[in-house]
Amino acid sequence: MLWYASYYTTIAVWELRKLFAWFALPLLLVACCVAAGVAVRWIRRRAGRTGGGGNTAIVLGWFGGVFGIALAVGWLVYGAYLQDRAYMATAQIVTEPVPGLSARSPYVVGKAQAAPHLGDVTGEISDITYLPDSDRFGALVERRGWLAGYEVGLVQEVPLGGSGRSQERCPFDVEKAGARISGWFNHNLGRKISAVQRWVRFEADDAYVTCSNGTPVVVVPLKRQTGFLVVTERPAGVALYDGTTGKLTITTDTSAVPGPSYPLSLAARQREGTAAVGGFSDWWFERSGWDASEDGANEGNESEFTLRYNGAAGSSAYVTPLTPQGEASSVVAVSTVPTRHQGGGLAPMTIRRLDPAWSSPKALVALIKAEYRDVCCYNDDQVFEVVPTGGSTWTATVGSEQNIRYRVEGRGPVDGREATCLKAADGVLIRCAYAAPGSPEEQELKRREQQKQQTGAAKGGGATSDLTGLTDEQLADLQRRLGDEFVRRLKSG
Numbered sequence: 407m408l409w410y411a412s413y414y415t416t417i418a419v420w421e422l423r424k425l426f427a428w429f430a431l432p433l434l435l436v437a438c439c440v441a442a443g444v445a446v447r448w449i450r451r452r453a454g455r456t457g458g459g460g461n462t463a464i465v466l467g468w469f470g471g472v473f474g475i476a477l478a479v480g481w482l483v484y485g486a487y488l489q490d491r492a493y494m495a496t497a498q499i500v501t502e503p504v505p506g507l508s509a510r511s512p513y514v515v516g517k518a519q520a521a522p523h524l525g526d527v528t529g530e531i532s533d534i535t536y537l538p539d540s541d542r543f544g545a546l547v548e549r550r551g552w553l554a555g556y557e558v559g560l561v562q563e564v565p566l567g568g569s570g571r572s573q574e575r576c577p578f579d580v581e582k583a584g585a586r587i588s589g590w591f592n593h594n595l596g597r598k599i600s601a602v603q604r605w606v607r608f609e610a611d612d613a614y615v616t617c618s619n620g621t622p623v624v625v626v627p628l629k630r631q632t633g634f635l636v637v638t639e640r641p642a643g644v645a646l647y648d649g650t651t652g653k654l655t656i657t658t659d660t661s662a663v664p665g666p667s668y669p670l671s672l673a674a675r676q677r678e679g680t681a682a683v684g685g686f687s688d689w690w691f692e693r694s695g696w697d698a699s700e701d702g703a704n705e706g707n708e709s710e711f712t713l714r715y716n717g718a719a720g721s722s723a724y725v726t727p728l729t730p731q732g733e734a735s736s737v738v739a740v741s742t743v744p745t746r747h748q749g750g751g752l753a754p755m756t757i758r759r760l761d762p763a764w765s766s767p768k769a770l771v772a773l774i775k776a777e778y779r780d781v782c783c784y785n786d787d788q789v790f791e792v793v794p795t796g797g798s799t800w801t802a803t804v805g806s807e808q809n810i811r812y813r814v815e816g817r818g819p820v821d822g823r824e825a826t827c828l829k830a831a832d833g834v835l836i837r838c839a840y841a842a843p844g845s846p847e848e849q850e851l852k853r854r855e856q857q858k859q860q861t862g863a864a865k866g867g868g869a870t871s872d873l874t875g876l877t878d879e880q881l882a883d884l885q886r887r888l889g890d891e892f893v894r895r896l897k898s899g
């Protein structure tokens, strides 16, 4: 019965394996001391000396117990450091700029716009995930009831700019596909996964839904355990649950998966492991590594932003702005982990140091409200998600949950001042509070100014501060009109 209860045995093995990793060394020491005491007592009995052997065994047992407790405490601390080091195995720290990334609608906007598009669906939204391949948001809706699965999958377009808002609703066959994550009894999707492949687990927040020709498919990135004294997790492929037939497929070939196949929770764990970038003392006193920025606009959704690379079809990454550990809140680095990865090892993580560093998201929100107070923030408008968008730039979106109206792009402090520009939601430049010298925004503003001067001159030498652009005929006409105006005013006076 225990063997066929694959779901529960998998959970038990996972948890026991983690406990064994923490207490293996202390338990081994206690066992050795107890064995030594028993051996001493047995040897003394064989030699015909019965006195004192029991006391020796007791002393060794107590010594082993006390030393085992001390070793357990020490190993709990040092083992956690070794675990972080294991997750740092594929990390690279570079000073190269962040590759170009495409801005997207904020996660909270995609979540807010899912409910109005569900129509007469009676279920409850259980998950919202950004799908970078199609630039859409996928929403899983659970069917009400204990013994029920999912009701519908919704894949919708939430454009950052433009008017397109396409959507697709894919209903589940509640008779054939009645399982869901954390469901009851035979309606538990985790139980079905364990029945096909034992010893793999997953995080519920990593799962998402896609629609393929009207068929909903639940994608569940899987993980496995590795290690003996230092137990860590590794990717183990994905589980694909067909919402029409109820068929479950587990595969390690994730090239055809229409979305992220690398577990987001594993990418987050790798990012947390950066605390062990230095030595043990630095790790213990929190003097090394980085934290996710948790203030301002990013509060509640501060890490692992799924973003697409510019000009790379199907290429995307989990991107996180990083702040140093401690009281500092400025963004000094950006970590990237690919959303797709082949093989059973950890995906490569790259930490790119920023020069110059950015202000904290909270400070940037205050700056946006001060420099662009005519567009932010009144009524329900607010600043959403300050995210990296490549090179040395960041992007913040401005608007309401139902209508993104503007975006603000910054480049970090330039000549002691934060360089920011206001753009429409579709990326058209409106104006800059301070354009960085040599930036595309500064060049665009200069081009507009020159065009304005040329247009004014073409209309007959209208008022302009630059007379060098006028032709001889235009300058003569301006002189004639000026003389006529002087004569008119003298007569009227």
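Numbering of the sequence shown is given in the working numbering, commencing with residue 407 and proceeding in unit increments.
Note that CB positions come from ideal geometry on N, CA and C, so glycine has one too.
These numbers were taken from a predicted model, which means no experiment stands behind them.
C-alpha gap between residue i and residue j, whole angstroms
i	j	result
K582	G551	16 Å
N809	S798	27 Å
G796	P641	27 Å
E639	G665	21 Å
L435	R758	43 Å
E530	A802	30 Å
V472	R607	36 Å
G867	K897	Residue placement at G867 cannot be trusted, given a pLDDT of 49 that sits under 50; the coordinates are not used to answer.
T902	A645	This structure leaves residue 902 out entirely; the chain is present only between 407 and 899.
V515	E609	23 Å
S722	L433	45 Å
I499	T528	48 Å
V820	S735	19 Å
Q504	V740	Strictly speaking, residue 504 in this sequence is Val, with Gln absent from that position. Cα to Cα, V504 sits roughly 7 Å from V740.
R447	I475	24 Å
K629	L635	18 Å
P486	Q631	Pro is not the amino acid found at residue 486; the sequence shown has Ala there. Between A486 and Q631, the C-alpha separation is close to 16 Å.
E692	T680	11 Å
R452	L431	31 Å
L488	S694	15 Å
D501	A769	A small fix is needed here, since residue 501 is Thr in this sequence, not Asp. Going by the C-alpha atoms only, they are around 24 Å apart.
F711	S511	11 Å
G620	C838	45 Å
E824	M755	29 Å
E861	E777	As written in the sequence, residue 861 is Thr, which differs from the Glu given in the question. Rounded to the nearest angstrom, the two C-alpha atoms are 29 Å apart.
A682	L851	46 Å
V444	G749	49 Å
V663	Y647	12 Å
A520	L873	56 Å
E791	S532	22 Å
Endpoints, beta strand (DSSP E) assigned at residue i
i	result
Q562	Y556 to Q562
V740	V737 to P744
G889	Unbroken run through G889 is the alpha helix (DSSP H), D878 to S898; no beta strand (DSSP E).
Q498	A497 to V500
S699	Premise fails: S699 is in no beta strand (DSSP E) and is neither H nor E.
E824	R823 to A830
D648	T638 to D648
P794	Q788 to P794
E530	E530 to L537
A802	W800 to S806
L835	L835 to Y840
C576	Q573 to P577
F608	Note, F608: premise wrong, no beta strand (DSSP E); not H, not E.
Opening and closing residue of the alpha helix (DSSP H) in which residue i lies
i	result
I656	Where I656 is concerned, there is no enclosing alpha helix (DSSP H), although the beta strand (DSSP E) it sits in stretches over L654 to T657.
I774	P767 to E777
L670	L670 to E678
W689	F686 to W690
R586	Careful: R586 lies outside any alpha helix (DSSP H) and carries neither H nor E.
Y513	Y513 to A520
A909	Residue 909 cannot be examined here, being either before or after the span of the chain that is shown, 407 to 899.
Residues bridged to residue i (per DSSP)
i	result
W764	V737
F711	V725
C617	P622
Q489	Its beta-bridge partners do not exist; DSSP assigns none.
R811	Answer by DSSP bridge pairing: none, since R811 is not bridged.
M755	A497
A545	I534 and L560
Beta-carbon separation (whole angstroms), residue i vs residue j, contact threshold 8 Å
i	j	result
W428	L482	6 Å
W696	L728	4 Å
Y362	G567	As shown, the chain starts at 407 and ends at 899. That puts residue 362 outside it, with no answer to give.
T616	V564	With 8 Å as the limit, T616 and V564 do not qualify as a contact, their Cβ atoms being about 16 Å apart.
P730	V738	6 Å
At least three beta-carbon pairs within less than 8 Å, the stretch 559 to 574 to the stretch 594 to 607: no
For the stretch 494 to 506 against the stretch 671 to 690, are there 3 or more C-beta pairs whose distance is under 8 Å? yes
Examine the Cβ distances between the stretch 827 to 841 and the stretch 540 to 551 and report whether three or more of them are shorter than 8 Å. no
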